Amino acid sequence: MLRSIAASVRAYTGPYPSWGAPTPEACRLVTERLAEQHGLPSTRRRPDAQPACVLDSLVRTLLSQNTTDTTSARAFDTLKLRFPSWDMVRTAPLQDVADAIRVGGLAEIKAGRVQAILSTLQEERGACSLEHLRGMHPAEAKALLLGFKGVGKKTVACVLLFALELPEFAVDTHVWEISKALGWVPTNASRDQAYDHLNELVPDELKYDLHVLLVSHGKQCPACAKAGSPKQRAAKPADGGVACPLADLKPPPSQLKTAYRAGPKHRTGDDMRPQSPPEVAKKRRKRKVQPKDST
């Protein structure tokens, strides 16, 4: 069960103070409709079950970046089978770790970042463990996790939500796209901006259920699929002829709004894709489109 947090009125500190959506009522309505179609997810683990290992949760989420759930799960299982302890992962040759997780893609990058995290924990804590986060204030836990290279806001939110059982509203691609379609965030909001906004406005008691339901729905409903423009998604029939339960809650694509001031376009800390060298990016910015010959 989610750990209870002292209820208090919190001043909004997100990127869109005048946006106004979503309201608590809108969040409840979407949760109820999705639960009717997909079933309400359980927020409880068995009383006799051990809490999720925080470090396992972090590595699982790192391996899920820029790949599918199926391949990331295979990568994690292979890693644990080949290296039964995290200390063995830490001391193994980089190439051996990369080979174990290769099915998930970007193996060398992910292996290097996992080993860097493990080395930092060994140096600073004397053990490859993150269980000490359980006694930390959420803001402290976030700051510590964000200090690791390759760990962004989505990864941190997932660890806090699923391993530490704290009320965090993680924003993956599915949550991001559906939130834009519902008008909950501007259409030009980055995923990190969407997280900063929604994590403040979604009621704590709904964060787990709403996150899980939006992810499930985004994977199953063609009308809410992440591919395509809002207009293209609006034209898609629902899976198996079943109407999307959110269809009447989505404003027409022509009425969706952008923010007056969009934040800078940037990759999130959760993005593992290789980036262009700075000098290449600089040349791209300076490149001008030559006018066409009108003759």
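Under UniProt numbering, the residue at position 268 of the sequence shown is numbered 268, and the numbers go up by one with no gaps. For each residue, glycine too, the CB sits at the ideal point set by N, CA and C. No experiment lies behind these values; they were computed from the predicted model shown.
Assigned exposure category for residue i - 16 Cβ within 10 Å defines buried
| i | result |
| --- | --- |
| S119 | exposed |
| R10 | exposed |
| Q232 | The predicted model places Q232 with a pLDDT of 48, which falls under 50 and marks its position as unreliable; any figure quoted below should be read in that light. Exposed, since its Cβ has fewer than 16 Cβ neighbours within 10 Å. |
| H211 | buried |
| G126 | exposed |
| Q69 | Note on identity: in this sequence residue 69 is Asp, with Gln being the wrong assignment. It counts as exposed. |
| D270 | buried |
| P15 | buried |
Residue i versus residue j: straight-line alpha-carbon distance, rounded
| i | j | result |
| --- | --- | --- |
| C158 | Q122 | 23 Å |
| S64 | L161 | 16 Å |
| T13 | A259 | 16 Å |
| F83 | V97 | 9 Å |
| Q220 | V242 | 11 Å |
| P186 | C244 | 22 Å |
| G228 | K80 | Reliability of the predicted coordinates at G228 is poor, the pLDDT of 47 falling under 50, and the value obtained from them is presented with this limitation in mind. Approximately 37 Å between the Cα atoms of the pair. |
| D99 | K207 | 36 Å |
Candidates the options: closest to residue i by CA position
| i | options | result |
| --- | --- | --- |
| V175 | E165, E168, L161 and R191 | R191 |
| W19 | A225, T70 and L201 | L201 |
| V215 | P245, T173 and G150 | T173 |
| S57 | I109, R33, W86 and H38 | W86 |
Proximity of residue i and residue j at Cβ, strictly below 8 Å
| i | j | result |
| --- | --- | --- |
| G104 | T155 | no |
| L40 | D204 | no |
| E168 | G218 | no |
| R90 | Q50 | no |
| S179 | L198 | yes |
| A107 | I101 | yes |
| V54 | L146 | no |
| W184 | P24 | no |
| L62 | R134 | no |
Whole-number beta carbon distance between residue j and residue i, since they are thought to touch under 8 Å
| i | j | result |
| --- | --- | --- |
| A194 | V171 | 5 Å |
| C128 | A181 | Going by Cβ atoms, the distance from C128 to A181 rounds to 41 Å, so no, they are not a contact pair. |
| L246 | V30 | 6 Å |
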